[in-house]
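**Q**
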Amino acid sequence: MPLTLAGAGTENTVRQIKGKDEVRRFLESLGFVEGGKVTVISQSGGNLIVNVKDTRVAISSSMANRILI
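Numbering-wise, my numbering comes out as the position in the sequence shown, counting from 1, plus 873.
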């Protein structure tokens, strides 16, 4: 299931990251790695604010759809 469908406040585990190599490297640089924990803080207009590795990150819905939990 993509990260965009996760409920706010629930901790999830990243199962897979889809996309081209440069997209996957970009998401990994933000802290999204397979097996890592991610929590959705809020969702506004399709964009998400998530907590990953004790850091809050804002990502677009298109990027969040590439992160499978």
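All C-beta atoms, glycine included, are put in the ideal place defined by N, C-alpha and C.
Out of curiosity, what's the CA-to-CA distance linking glycine 892 and arginine 939?
**A** Spanning the two alpha carbons is a distance of roughly 6 Å.
**Q** How about alanine 881 and serine 915: are their beta carbons less than 9 Å apart?
**A** Yes.
**Q** Hey, which unbroken runs of the alpha helix (DSSP H) at 4 residues or more fall wholly within the segment 879 to 940?
**A** With a minimum length of 4 residues, the continuous alpha helix (DSSP H) runs that stay inside the segment 879 to 940 are 894 to 903, 934 to 937.
**Q** Let's test the definition: count the other Cβ atoms within 10 Å of the Cβ of alanine 931 and tell me whether it reaches 16, buried, or not, exposed.
**A** With fewer than 16 Cβ atoms within 10 Å of its Cβ, alanine 931 is classed as exposed.
**Q** Between the C-alpha atoms of glutamate 895 and glycine 919, what's the straight-line distance to the nearest angstrom?
**A** So the two alpha carbons sit approximately 23 Å from each other.
**Q** Pop quiz: alanine 879 and valine 913 are said to be a contact at Cβ under 8 Å. What is the actual Cβ separation, rounded to whole angstroms?
**A** At roughly 5 Å, the Cβ-Cβ gap stays under 8 Å, so alanine 879 and valine 913 are in contact.
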